[in-house]
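Colleague: This is the structure, below, for whatever I ask next.
Structure below.
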């Protein structure tokens, strides 16, 4: 088991990533798991019970999204770029079919990827996902803060623009997802509408929505044991809740 930060060039940029659990030379039979973090974080954000439980049976990979952590900051942060980064990342590591878990921004990227490449996603987990609907009022496009954050602030600016003017085909593309999909909401403590997450699950052909009350927007941090248990049960085919 190793959690060192490695790098690989994919889609023309350097992508840093962490690994846990059995890798190519080990004997684990579990499908590789790829974890996509939220805006402003990096792959280290996933460390905790989820990693500990999944890594016992699966190779686990947590890349730093472009503009974050040890990955390059190319200045372009469209959702389609992130999706293509993931495809190239998987190709470089020889990962043909995966379990894909995304949180917030990472969940939107995960959903886009799963709709574009359904043959590569065995199971999909979307934690506190945003429904890509036009916002009223629209989000402000903030100016960079005086002190540089731990990520490229341009990511936030471009994300807000994409939230204000989302792809009109986004909902339709959810229907292209073939993987069993678990949408996890954090209940009333979240700033995101839980009914929108339930709608996302309904648009996915094999979607399930579950609420972990008290999780807020950071379910895997606020309810770590429950989140890990829910994901494991889902992967084992035991979770069919709405």
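Residue numbers (the working numbering): 12 to 253. Just so you know, even glycine gets a beta-carbon here, dropped at the ideal spot from N, CA and C. No experiment lies behind these values; they were computed from the predicted model shown.
1) Could you pull out every unbroken alpha helix (DSSP H) segment of at least 4 residues lying fully inside the region 87 to 154, listed in chain order?
2) Within 7 Å: the Cβ of residue 191 and any heavy atom of the ligand NAP?
3) Use the C-beta contact count for residue 152: other C-beta atoms within 10 angstroms, 16 or more gives buried, fewer gives exposed.
4) Hey, would you say residue 333 sits closer than 8 Å to residue 185, going by beta carbons?
5) If contacts are defined as beta-carbon pairs under 8 Å, then residue 27 and residue 100 qualify, I think. What distance do you get, rounded to the angstrom?
6) Does the distance from the CB of residue 141 to the CB of residue 115 come in under 8 Å?
7) Quick one: grab the DSSP three-state call for residue 188.
8) Tell me the residue span of the beta strand (DSSP E) that contains residue 74.
9) Applying the 10 Å Cβ sphere with the 16-neighbour rule, what's the burial state of residue 80?
10) Whose CA, out of 86, 94, 134, 16, lies closest to the CA of residue 193?
11) How many angstroms separate the CA atom of residue 195 from the CA atom of residue 204?
12) Would you check if the distance between the CB atom of residue 198 and the CB atom of residue 236 is smaller than 8 Å?
13) Among 187, 162, 64, which has the Cα closest to the Cα of residue 246?
14) Could you give the residue range of the alpha helix (DSSP H) that holds residue 58?
15) Could you tell me the distance, in whole angstroms, from the CA atom of residue 172 to the CA atom of residue 232?
16) Less than 8 Å between the beta carbons of residue 43 and residue 109, yes or no?
17) Would you please state the rounded distance, in angstroms, between the beta carbons of residue 180 and residue 121? I believe it to be under 8 Å.
18) Answer with buried or exposed for residue 249, where buried requires no fewer than 16 other C-beta atoms within 10 angstroms of its C-beta.
19) CA-CA distance, residue 55 and residue 29?
20) By the three-class DSSP mapping on this structure, what secondary structure does residue 46 have?
21) Report the option in 144, 241, 128 whose CA atom is closest to the CA atom of residue 210.
22) How about residue 125 and residue 106: do their beta carbons lie closer than 8 Å?
Modeller: Taking the structure as given:
1) 90 to 104, 116 to 127
2) For the structure depicted, the ligand NAP is absent and the ligand set is empty, with no information on it obtainable.
3) exposed
4) Here the chain comprises residues numbered 12 to 253, so residue 333 is not present and cannot be evaluated.
5) No, residue 27 and residue 100 are not in contact; Cβ-Cβ is about 11 Å, not under 8 Å.
6) For residue 141 and residue 115, yes; Cβs fall inside 8 Å.
7) coil
8) 71 to 74
9) buried
10) Looking at the Cα atoms, 134 is the closest of the given residues.
11) Roughly 12 Å separates the two Cα atoms.
12) no
13) 64
14) Premise fails: residue 58 is in no alpha helix (DSSP H) and is neither H nor E.
15) So the alpha carbons of these two residues sit roughly 28 Å apart.
16) yes
17) About 17 Å; that fails the 8 Å criterion.
18) exposed
19) 8 Å
20) strand
21) 144
22) Taking 8 Å as the Cβ cut-off, residue 125 and residue 106 do not qualify as a contacting pair.
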